[in-house]
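Below: one structure, written as structure tokens.
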Amino acid sequence: MKATLRLADGELVALLEDGRELKNFDAEILAGLLWNSGVSASELEALDWHTDVMSAPTSGQKIAIFSRLRKYEGVSCEEQIQEGRERTISKLLDMPIWISRADLSGLKRYQGEGAEQIDHWINERKIFAVEGGGLQLLAKFQFDDAYSPLPVIAKILELLKSKDDWAVASWFAFPNGWISSHRAEACESLPPMYALDDEAAVIRAAQNELGTYFA
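Residue numbers (my numbering): 5 to 219.
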């Protein structure tokens with residue numbers, strides 16, 4: 005039984021393919037209702053914030069529901085964590101935010117700088133890099149127009165030093181409740197990568213970072 009999960013007036017709502025609706029404010033209770041209705045974790049699709057930021061469940065709500073469904077299915081906590089990590093990395097790799105080390109090295113040589121400069125930046129934690137598809141990838145938002153590191157990146161990386169580089173990438177790329185865009189119709193959470201010109205806001209968000217961004 006397939007179902008779609010959304011948020012409506014603060015309440016979690018699951019629309020089943022047979023037309024029924026299941027509602028509850030508590031994520032774990034709703035997971036039980038879904039399981040009793042024949043919905044497994046693989047059959048549940050949650051609205052994504054990219055599609056509808058106002059109706060998408062929060063990361064915490066999704067984690068709670070999918071984790072509970074996985075427990076009903078007999079999946080271990082370790083497997084759930086690994087699955088969540090893989091889903092997040094896949095989403096990140098689909099984002100048009102990356103430049104390969106080879107391409108960046110070519111740009112730096114064109115500017116008269118050696119490719120070893122990139123190693124220095126990574127080793128000094130002025131920037132971060134991840135591995136994907138057999139390539140070393142660097143997030144373009146870390147750099148200014150001349151492809152030199154933004155000073156704020158090093159400050160953030162120092163605050164997030166306990167996280168691995170994929171978790172750091174997730175922190176930058178997904179909406180953060182400590183950073184808001186004030187619009188006429190709503191106050192929306194922004195990914196930190198879109199607010200790097202507001203150093204005070206992103207530093208505050210990094211200082212308040214306590215959770216995980218694999219979901």
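Here a beta-carbon is modelled for each residue, glycine too, at the ideal position from N, C-alpha and C.
These numbers come from a predicted model, not from an experiment.
Would you mind sorting residue i into buried or exposed? The rule is 16 or more other CB atoms within 10 Å of its CB.
| i | result |
| --- | --- |
| Glu-213 | buried |
| Gly-88 | buried |
| Arg-187 | At Arg-187 the pLDDT is 47, less than 50, meaning the model places this residue with poor confidence; the figure from the coordinates comes in the next sentence. That one is exposed. |
| Ala-204 | exposed |
| Thr-92 | buried |
Cutting at 8 Å between CB atoms, please list the residues of its own chain near residue i, excluding the five before and the five after it.
| i | result |
| --- | --- |
| Gly-42 | Met-5 |
| Val-206 | Val-156, Ile-160, Ile-183, Pro-196, Ala-199 and Leu-200 |
| Leu-163 | Ile-207, Ala-210, Gln-211 and Glu-213 |
Sort out for me which residues DSSP pairs residue i with in a bridge.
| i | result |
| --- | --- |
| Phe-147 | Pro-153 |
| Ala-18 | Leu-9 and Leu-26 |
| Asn-180 | Leu-194 |
| Asp-139 | Note on residue identity: the sequence assigns Leu, not Asp, to residue 139. Paired residues: Gly-136. |
| Ala-50 | Leu-9 |
Could you check if residue i belongs to the surroundings of the ligand PLP, using beta carbon to heavy atom distance under 7 Å?
| i | result |
| --- | --- |
| Gly-116 | The ligand PLP is absent from the structure shown, which contains no ligands of any kind. |
What is the residue span of the alpha helix (DSSP H) that residue i lies within?
| i | result |
| --- | --- |
| Gly-64 | 63 to 77 |
| Glu-120 | 120 to 127 |
Between which two residues does the beta strand (DSSP E) harbouring residue i extend?
| i | result |
| --- | --- |
| Leu-200 | Careful: Leu-200 lies outside any beta strand (DSSP E) and carries neither H nor E. |
| Ile-103 | 102 to 104 |
Ignore the nearest five residues each way along the sequence and tell me which others in residue i's own chain have a CB closer than 6 Å to its CB.
| i | result |
| --- | --- |
| Lys-27 | Glu-15 and Val-17 |
Which same chain residues, not among the five before or five after residue i, have their C-beta less than 7 Å away from its C-beta?
| i | result |
| --- | --- |
| Ala-158 | Arg-129 and Lys-130 |
Is the segment 161 to 178 touching the segment 133 to 151, taking contact as three or more C-beta pairs under 8 Å?
yes
Using a Cβ distance threshold of 8 Å, determine whether the segment 60 to 72 contacts the segment 110 to 126, with at least three qualifying pairs required.
no
Does the segment 57 to 69 come within contact of the segment 96 to 108, defined as at least 3 CB pairs closer than 8 Å?
no
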